[in-house]
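Q:
Numbering (the numbering used here), first residue to last: 3 to 201.
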């Protein structure tokens with residue numbers, strides 16, 4: 003159950019503080035209900051402000067959604083980049099994968115926001131933003147690891163599968179399929195993938 007978030011210890015928030023609060027609360031709303039289903043009225047109630055103030059800060063609900071999506075993907079990609087900053091090749095792949103397993107997958111709201119963003123890609127503006135982030139993720143992975151295109155594709159595909167597994171809360175499921183999804187990915191898994199044998 004989502005609850006109200008009170009103002010800054012009874013003190014008046016600055017516009018920037020309010021903006022940050024709204025982005026955090028909006029991420030929860032969009033993660034749960036998506037672009038179409040999320041309610042700015044409920045968001046305003048939780049933040050104890052008027053809907054008009056939300057629109058004054060963000061323009062439209064879709065623009066708020068796009069900013070939430072941008073923050074969510076940026077946190078993931080920047081986190082992987084920073085983790086692998088001093089590495090190259092197989093070591094980069096190992097630390098990026100470890101970051102994904104131990105940090106990114108614990109950010110449940112961000113993962114659901116990303117899945118909602120994919121679901122909303124019927125909207126051209128949403129699709130453009132998601133494409134930009136997928137391009138960043140691809141380039142970062144390719145540049146740091148030196149993987150062939152099919153290797154990068156496999157790494158990103160495994161990440162998407164892990165997102166789905168996290169969204170399904172598979173840690174709570176005692177079944178063979180869930181245990182299979184929980185298995186860790188070792189760096190060497192991608193060694194056999196080359197541009198020559200995978201066109």
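Beta carbons: idealized from backbone N, C-alpha and C, even for Gly.
What does the alpha-carbon distance come out to for the pair residue 40 and residue 123?
A: What you label residue 40 is simply residue 38 of the chain shown in a count that begins at 1. What you label residue 123 is simply residue 121 of the chain shown in a count that begins at 1. Spanning the two alpha carbons is a distance of roughly 16 Å.
Q: With 16 as the cutoff for other CB atoms within 10 Å, does residue 181 come out buried or exposed?
A: Sequence index remark: in the chain shown, residue 181 carries index 179 (1-based). Classification of residue 181: exposed, given that the 10 Å Cβ count is below 16.
Q: Mind checking if residue 136 is an interface residue toward chain E, Cβ cutoff 7 Å exclusive?
A: Within the model displayed, chain E is absent; a lone protein chain is all it includes.
Q: Rounding to the nearest angstrom, what Cα-Cα distance links residue 110 and residue 168 in this structure?
A: Taking the first residue of the chain shown as position 1, residue 110 is located at position 108. Taking the first residue of the chain shown as position 1, residue 168 is located at position 166. Their backbone Cα atoms lie some 7 Å apart in a straight line.
Q: Closest to residue 71 by CA distance: which of 183, 142, 120 is it?
A: The sequence position of residue 71 within the chain shown is 69, counting from 1. Here the closest residue by C-alpha is 120.
Q: Taking contact to mean at least 3 C-beta pairs separated by less than 8 Å, is the segment 102-116 in contact with the segment 44-60?
A: Contact between the segment 102-116 and the segment 44-60 is absent, because fewer than three Cβ pairs lie under 8 Å.
Q: Could you give the distance in angstroms between the alpha-carbon of residue 92 and the alpha-carbon of residue 159?
A: In the chain shown, the residue the question calls residue 92 occupies position 90. In the chain shown, the residue the question calls residue 159 occupies position 157. Residue 92 and residue 159: Cα-Cα distance of roughly 18 Å.
Q: Return the residue from the list 46, 173, 162 that minimises the CA-CA distance to residue 75.
A: Numbered from its first residue, the chain shown carries residue 75 at position 73. Out of 46, 173, 162, 162 has the C-alpha closest to the C-alpha of residue 75.
Q: I'd like the list of long-range same chain contacts for residue 31, defined as Cβ closer than 6 Å, with 5 residues on each side in sequence excluded.
A: Start at 1 with the first residue of the chain shown, and residue 31 comes out as number 29. Around residue 31: 40, 45.
Q: Where does residue 141 land, buried or exposed, given buried means 16+ other C-beta within 10 angstroms?
A: Taking the first residue of the chain shown as position 1, residue 141 is located at position 139. The residue is exposed, with fewer than 16 neighbouring Cβ atoms inside 10 Å.
Q: Buried or exposed, going by whether 16 or more other CB atoms sit within 10 Å of the CB of residue 5?
A: Residue mapping note: residue 5 aligns to position 3 of the chain shown, counting from 1. Any reading at residue 5 must be qualified, since the residue scores a pLDDT of 41, below 50, and its modelled position is unreliable; the value itself is stated next. Residue 5 comes out exposed.
Q: Comparing alpha-carbon positions, which option in 126, 164, 157 lies nearest residue 114?
A: Residue 114 sits at position 112 when you count from the first residue of the chain shown. Comparing Cα-Cα distances from residue 114 to each of 126, 164, 157, the minimum goes to 164.
Q: Mind checking whether residue 49 and residue 66 have CB atoms under 7 Å apart?
A: Within the chain shown, numbered from 1, the residue matching residue 49 stands at position 47. Within the chain shown, numbered from 1, the residue matching residue 66 stands at position 64. No.
Q: Beta-carbon within less than 7 Å of residue 138's beta-carbon, same chain only, minus the 5 sequence neighbours each way: which residues are those?
A: Here residue 138 corresponds to residue number 136 of the chain shown, with the count starting at 1. Correct list, in chain order: 79.
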